[in-house]
Amino acid sequence: MKCPEILKAVIVSFRNYWEDVLISYKKASARKNRLNYLVDKLGEVKDWPEICNDIDAVKEISDLQAFYSEQANQM
Numbered sequence: 005m006k007c008p009e010i011l012k013a014v015i016v017s018f019r020n021y022w023e024d025v026l027i028s029y030k031k032a033s034a035r036k037n038r039l040n041y042l043v044d045k046l047g048e049v050k051d052w053p054e055i056c057n058d059i060d061a062v063k064e065i066s067d068l069q070a071f072y073s074e075q076a077n078q079m
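Residue numbers for the sequence shown follow this note's numbering, beginning at 5 and rising by one.
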C-alpha cells in the first residue's frame, strides 16, 4: 500500500517542527532526552492500526525514527 500524501505531509511537518524545537534546546542532555523520547513515541505510532498495515507509512516513520536515533547516538 502506498503511503498517503497527507501522511507524508504530516511527517514533514513533524520533522520540521521538532527540528526547530531541538535547535532551541540549550543543554545537550535535554536535546538527547527529547530525541530518545521521539524515537520511543515513533515506535508506538508504528503500532497504530491505521499505520501498521501500511508498509510505506511504517517505512517513512522508521526512517524518521532512525534519523532521530542517529542524532541521539552522536551526542
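All C-beta atoms, glycine included, are put in the ideal place defined by N, C-alpha and C.
If you're wondering where the values come from, they're calculated on a predicted model, not measured in any experiment.
Take LEU39 and list the residues in its own chain whose beta-carbon comes closer than 8 Å to its own, dropping the five residues that flank it on each side.
LEU26, TYR72, SER73, GLN75, ALA76, MET79
message: Any beta carbon from chain C within less than 7 Å of VAL14's own beta carbon?
response: No chain C is part of this structure, which consists of one protein chain only.
- Could you give the distance in angstroms between the alpha-carbon of SER66 and the alpha-carbon of GLY47? 8 Å
- [ ] Please report how far the alpha carbon of TRP22 lies from the alpha carbon of ARG35, in whole angstroms.
- [x] 11 Å
- Query: When DSSP labels each residue in this structure, what does PRO8 get in the three-state scheme?
  - Reply: coil
**Item:** Segment limits, alpha helix (DSSP H) that includes ASP67
**Value:** 59-77
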